[in-house]
Amino acid sequence: MSNERDLLEQAMAVLEAQRTVLGHEATEAALAALRVRIAALASHVPFERRHVTVLFGDLCGFTALSERMDPEDVSELMNQLWERVDGAILRHGGRIDKHIGDAVMALWGTEGASEDDAEQALHAALDIQAQLAAFPAAPPEGLHMRIGIHTGPVLLGVVGTRGELTVMGDTVNTASRLEQAAPVDGILISHNTWRHVSGAFAAEPLAPLRLKGKQEPLQVYRVTEAKPRAFLRRGRGLDGVWARLVGREHETRQLRAALQAVLAGNGSHRVTLTGEAGIGKSRLLGEFETWLESLDTSPRCLRGRASPEMRRHPNALLRDLFSFHLQVQESDPPSVVRTRLEDSFHEAFGPGESSRIRAHLAGSLIGFDFSNSPHLKGTPMDEQSLRARGLESLGEYFRALLRREPMVLFLEDIHWADDSALDLLERLHETLAPEQLLVVCTARPEFFERRPGWAHAPAHVRLELRPLSPDDSHRLVAELLRKVESIPPALEELVVTRAEGNPFYLEELIQMLLEEGVILAGKEHWRVEPHRLTSLKVPPTLSGVLQARLDSLPAHEREVLQRASVVGRVFWDEPLLTMGGALPDGVSLHDTLAALQERELIFEQSSSAFAGAHEYTFKHAIVREVAYDTVLKRERRAFHGWIAEWLQARGGERSREHLGLLADHLESSGQGERAATFLRRAAEEALSLFAHAEARAFLQRALALSSEDNVTERYAIVAASERVHAIQGERREQRVDLDHMEAWAERLDDDRRRTEAALRRALYAVEVGEFAMGEQAVQRAIWLAQQQGDMASEALAHLYWGRMLRHLRGDFTSAREHLERSLSLAESARLPQLEVESLLNLSAVMHEGGELSASIPPIQRVIPFCQSMGDRWLECSARRYLAYVRKSLGDFAAARAGFEQTLQFSRVIGYRFWEAMDYTNLARIHYHLGDPAGALELSEQGLRIGEDIGSLRYQGYAWMSRGLALGALERLSEAREAYQRSRDIRACIRMPHLEHEAMTGLAAVALMGGELHEALELVEQLLPHLEGMHRGVEEPFWIWLTCFRVLRAHQDARAPHLLEAAHQRLQAQADKLREEELRRFFLSIPTHRTIQVEWRRQKDVRGSPGRERPLLETS
1 MSNERDLLEQ AMAVLEAQRT VLGHEATEAA LAALRVRIAA LASHVPFERR HVTVLFGDLC
61 GFTALSERMD PEDVSELMNQ LWERVDGAIL RHGGRIDKHI GDAVMALWGT EGASEDDAEQ
121 ALHAALDIQA QLAAFPAAPP EGLHMRIGIH TGPVLLGVVG TRGELTVMGD TVNTASRLEQ
181 AAPVDGILIS HNTWRHVSGA FAAEPLAPLR LKGKQEPLQV YRVTEAKPRA FLRRGRGLDG
241 VWARLVGREH ETRQLRAALQ AVLAGNGSHR VTLTGEAGIG KSRLLGEFET WLESLDTSPR
301 CLRGRASPEM RRHPNALLRD LFSFHLQVQE SDPPSVVRTR LEDSFHEAFG PGESSRIRAH
361 LAGSLIGFDF SNSPHLKGTP MDEQSLRARG LESLGEYFRA LLRREPMVLF LEDIHWADDS
421 ALDLLERLHE TLAPEQLLVV CTARPEFFER RPGWAHAPAH VRLELRPLSP DDSHRLVAEL
481 LRKVESIPPA LEELVVTRAE GNPFYLEELI QMLLEEGVIL AGKEHWRVEP HRLTSLKVPP
541 TLSGVLQARL DSLPAHEREV LQRASVVGRV FWDEPLLTMG GALPDGVSLH DTLAALQERE
601 LIFEQSSSAF AGAHEYTFKH AIVREVAYDT VLKRERRAFH GWIAEWLQAR GGERSREHLG
661 LLADHLESSG QGERAATFLR RAAEEALSLF AHAEARAFLQ RALALSSEDN VTERYAIVAA
721 SERVHAIQGE RREQRVDLDH MEAWAERLDD DRRRTEAALR RALYAVEVGE FAMGEQAVQR
781 AIWLAQQQGD MASEALAHLY WGRMLRHLRG DFTSAREHLE RSLSLAESAR LPQLEVESLL
841 NLSAVMHEGG ELSASIPPIQ RVIPFCQSMG DRWLECSARR YLAYVRKSLG DFAAARAGFE
901 QTLQFSRVIG YRFWEAMDYT NLARIHYHLG DPAGALELSE QGLRIGEDIG SLRYQGYAWM
961 SRGLALGALE RLSEAREAYQ RSRDIRACIR MPHLEHEAMT GLAAVALMGG ELHEALELVE
1021 QLLPHLEGMH RGVEEPFWIW LTCFRVLRAH QDARAPHLLE AAHQRLQAQA DKLREEELRR
1081 FFLSIPTHRT IQVEWRRQKD VRGSPGRERP LLETS
């Protein structure tokens, strides 16, 4: 029945609007039939109480005018007049209740329970006056109208045989009396109405009126105009009264001191302003920025602000910062972003290809869409390389800018920033430590629980903004209420006590008192109505105060604010237009948003992220949160869906940058399957930025949302998840993902996916040291690849097989065969990255097989090849191998420099396997350089990472390095434990050649501790393997020397023969080194030097040893 009634009322409104065309009589005849039907529908409808706004308007002097005019002319004039008047009412959401001769009565709020549209009634009244002033058919003396408006309770229902919906009660009578008391062309409103519109209209308070039927005088106001649109201002204020900064003198001095330290050349500084919501962080930041602008020479300022939507989206804060810096809009195509970023980098470095490449690398890192960049598209660089080079380019860019002038970086609300952006910012701050840079951040206290290391960074100051003291709170009240001649103590005490030192809460309390009529704001002076204060219920929390303010909004304003809150802290007018409803006829979204600005709930920004759309921000995050909490769940879903569609359409060519946000809105709209796809794509994008934590979170949500029947999507999700777990060294989770990949590849009956899963399984096996599993996986991958003619996968499988044989078996002959096959396939298929990796592994096999000199040329060939491709990751691998060869040759200074360089790269890209490898290699170098304490510290760092990532292989290396360092420090029991742990691990993962190295350490410790029998038992186990000991063992001659020493301690006749054989092998190895410098380094290794010294001593004492006993015969 309600739907039919709505349709009938809409039809009546259309007829009213066409009264001029149809004529008064025809219109009334048509309306009569509709009223009869409405009366029938309403015969059983009960009366109900509503809170409404009533407008009465009456033409002045119209009776005298009609007496001078022909009746037909009067009828035509009235028809044209009511068309304009009624149009103004309908445009602003009003309902025309009745026309009574030359008067009109209109209602607002009849459709919404306990809601009012007082502001729209005022807009309608002003619109009516404007229509009358511009009325072309007006007589020479013009047309004039008095208007009265009152807000209050009424009884709403259908009366009379015509079935008209109308209202009754004192509110209607009061509005009529106000109209009669209004001046000609004047709009007179009651205080009840003024409470709801005070922030949006200019009005003059008049002397209280005594109205017929009223015992008390009524406070009234004459409204003159709507206030102009407000703009975002830094200061706190109410109704145009702005307060000075109060109670932050200490923090202000600290900020200025930090800048002075930076300008004095004391390096970069970072200040974090922290405090609870509403405590004044942004206000203090704004005051500091204003002070900066007043300096004779102010530094360059860059600004970025995080929002709740950014928390899960990689590098969103940095993208916001650069979007502001470059004046890039979200609707700009990638070509515009590229051009702006290139121009900025050209400004920093000068024009040229080099600066253009830097711009593209940095832009890709930040998260702009550079997928079609000619410098990045098709590059063999993987995500790790791109991230490292992007960070390098970003650091160089800021350094170039800082050479020209100091810089202040403002970062607001970093408690909402994503971890990837914060990690990059910390890396940048380390890189720019010597520069004239001040970073000023704001954060809530919980930020330091999430990022405890942030506060311990060098040159960092944490400024905690505490609640204002009672004295400062009283000062702020005095500032805000300085137009009140005498502030009642009870009011001041109420505000100060309830606010508890929170400036935003204090301001909102006063705003509420203004809206409730406790404080009446005049043009020059304000006054307080103490009797209203006693009956006022003040919510005990800031959220409660804000909720009360939102409840008092006109319905359409509240609904627009609610819908804006679904978009986010920052929102645009364009999607609000697509969300339907909310606005009465004749009321524009622009006007509604302007009204919300006047109430200082939102602010319009001077520029917008989307071209053609106006951008707004909520005054405070809490305002947005409170508004969002009031949106009904079923409406939220619809709103989020609309916003998702808008974002997808608006994102255009740069939609990749909004994948996570799109997924958030789709998930909130109940579109789980679509959200899962976007979440997986967002995770893949996050992986390309090396934002592992964000990628993991995206994928967990995607898997939870995807249907179990959608196997294709679920396979893609776990494939991405496996990559994340592999990089992070989360082995248990990685293995679960591999199981799912294999199972779902079978369900899909897809050989391509089967091959991919087998290759991933093989790589996993290499890292965890499970040779049998890995061998089975590569054999399966090769067979599948051959069936499909997939040369790339076949080459990769042979590469992995070669690695397994090298690392897990020490079988360099077989490893070399597979690596050469991988190289041949890569060359045939023109896969340059695979070519390089095959060459690197071949070089390593040669090196570990004892061909030291032969292993260097392939590496030296690879490095410039990597540089020409721009692949820092492969270049780093090559440099690591080169450093490893240098270490084996005894060039420890060059090796240390090389490993320190690769360690820095490993840490930048977050590749923890490489970190573990670099730490253990550096530990060995420090041991050889006579720094066992440094070696111990480095080995412990490598061990911690090895344990974190679940790599037994790296743990075995780290325990071995730890044993060497502890032995040199004569901490024998600890050394014994370290060597034993290394032996156990290497036995577990079946690396016998490296197990022998750990056994040698145990023998050395036993010898040093005088446990000769135990040392001999271990040596007897080693002797049969000495001939092949050079294969895969890091220091084979240390094993020979230890065996010799143990045998000599036992006065075993085999000792001299063993030393002779070791010396011969050492000389043969040295003779292969054609460069004299390499030969000298090699023979200067402490172990090698000791063998030469012992051999010469033995030769001097005994001459050439006899051949009484075969060298490798055991006792």
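full-length UniProt numbering puts the sequence shown at residues 1 to 1115.
The beta carbon of each residue, even a glycine, is placed where N, CA and C say it ideally should be.
Sequence-distant residues of its chain with Cβ nearer than 6 Å to V631 (five each side left out):
Excluding its 5 nearest sequence neighbours in each direction, V631 has C-beta neighbours in its own chain below 6 Å: Q562, listed in chain order.
Through-space distance from H658 to L852, alpha-carbon basis
Their backbone Cα atoms lie some 51 Å apart in a straight line.
Mind the definition here: the region 432 to 444 touches the region 472 to 482 only if three or more C-beta pairs lie below 8 Å; say whether that holds.
Verdict: no, contact absent.
Take every Cβ of the region 562 to 571, pair it with every Cβ of the region 478 to 487, and state whether three or more of those distances are shorter than 8 Å.
No, they do not touch.
Reduced DSSP secondary structure (H/G/I, E/B, other) of V1101
If DSSP states are grouped into helix, strand and coil, V1101 belongs with the helices.
Just how far apart, CA to CA, sit G378 and M773?
Below a pLDDT of 50, predicted positions are generally treated as unreliable, and G378, at 44, falls in that range; the measurement from the model is reported next regardless. Rounded to whole angstroms, the gap between the alpha carbons of G378 and M773 is 33 Å.
Nearest residue (CA-CA) to L943, options L922, G930 and L929
Comparing C-alpha distances from L943 to each of L922, G930 and L929 shows the shortest one belongs to L922.
Quick check on DSSP: helix, strand or coil for V45?
Confidence at V45 is low in this model, with a pLDDT of 48, below 50, so the placement of that residue is unreliable and no value is reported for it.
Under 8 Å, do L465 and I279 count as touching if we go by C-beta distance?
Cβ atoms of L465 and I279: closer than 8 Å.
Contacts around R229, its chain only, beta-carbon distance under 8 Å, and the 5 residues preceding and following it disregarded
A caution first: R229 carries a pLDDT of 31, below 50, which makes its placement in the model too unreliable to give a value.
Buried/exposed call for W783, threshold 16 Cβ in 10 Å:
W783 counts as exposed, since fewer than 16 other beta carbons sit within 10 angstroms of its beta carbon.
Roughly how many whole angstroms lie between the Cα atoms of E251 and L468?
Taking C-alpha positions only, E251 is separated from L468 by approximately 13 Å.
Contact check, Y221 vs A203 under 8 Å by CB: the rounded distance?
Indeed, because the Cβ distance is near 4 Å, the residues count as touching under 8 Å.
Distance, A935 Cα to E970 Cα
When the Cα atoms are used, E970 and A935 turn out to be separated by approximately 14 Å.
Q254: which of W572, V461 and E1075 sits nearest, CA to CA?
If you compare the alpha carbons of W572, V461 and E1075 with that of Q254, the shortest gap goes to V461.
When burial is assigned at 16 or more other CB atoms within 10 Å of the CB, is V1101 buried or exposed?
Classification for V1101: exposed.
Quick one: any contact between the region 1031 to 1048 and the region 996 to 1010, if contact means 3 or more CB pairs under 8 Å?
Touching, yes, given that three or more Cβ pairs across the two stretches are closer than 8 Å.
Beta-carbon proximity list for H415, same chain, < 6 Å, skipping 5 on both sides
So the qualifying residues of the chain are A443, R444 and F447.
Spell out the partners DSSP gives C1043 in its beta bridges.
Paired residues: none, contrary to the question.
Quick check: does the Cβ of R674 come within less than 7 Å of any heavy atom belonging to the ligand FMN?
Here there are no bound small molecules, and the ligand FMN is not part of this structure.
Of the listed residues R256, L302 and G265, nearest to E287 (C-alpha basis):
Looking only at R256, L302 and G265, the smallest Cα-Cα distance to E287 is reached by R256.
Using a 10 Å radius around the Cβ and a threshold of 16 neighbouring Cβ atoms, would you call N192 buried or exposed?
Of the residues assessed, N192 falls on the buried side of the cut-off, its CB having 16 or more other CB atoms within 10 angstroms.
Endpoints, the alpha helix (DSSP H) within which F639 is located
Element bounds for F639: K633 to G651.
Per DSSP, what are the beta-bridge partners of S190 in this structure?
As computed with DSSP, S190 is found in a beta bridge with V220.
What does a CB cutoff of less than 7 Å around H640 pick up in its chain, not counting 5 residues either side in sequence?
Excluding residues within five positions, the ones whose Cβ falls inside 7 Å are V566, H665, S668 and S669.
Among the candidates L206, L422 and F345, whose CA atom is the shortest distance from the CA of A691?
Answer by Cα proximity: L422.
Residue from Y800, V768 and L514 with nearest C-alpha to R780:
The candidate whose alpha carbon is nearest that of R780 is Y800.
Going by DSSP, name the residue or residues bridged to L209.
Paired residues: L218.
Would you mind listing the alpha helix (DSSP H) stretches within the region 584 to 632 that are 4+ residues and don't spill past its ends, in chain order?
Listed in chain order, the complete alpha helix (DSSP H) runs (minimum 4 residues) inside the region 584 to 632 are 589 to 598 and 621 to 629.
Nearest-angstrom Cα separation, counted from V408 out to A261:
Approximately 13 Å between the Cα atoms of the pair.
Please report the distance separating the alpha-carbon of D369 from that of S335.
One alpha carbon belongs to D369, the other to S335, and they sit about 9 Å apart.
Taking the alpha-carbon positions, what's the Q1098 to H1025 distance?
Taking the straight line from one Cα to the other gives about 24 Å.
Shortest alpha-carbon distance to A1049 belongs to which of S393, E396, K1072 and L1016?
Nearest C-alpha to A1049: L1016.
R1096, buried or exposed, once every other Cβ within 10 Å from all chains shown has been counted against 16:
Exposed: under 16 other Cβ atoms inside 10 Å.
Three-state secondary structure assigned by DSSP to L468:
DSSP places L468 in coil when its eight states are reduced to three.
Which residues does DSSP list as the beta-bridge partners of K98?
Among the bridge pairs identified by DSSP, K98 is matched with M105.
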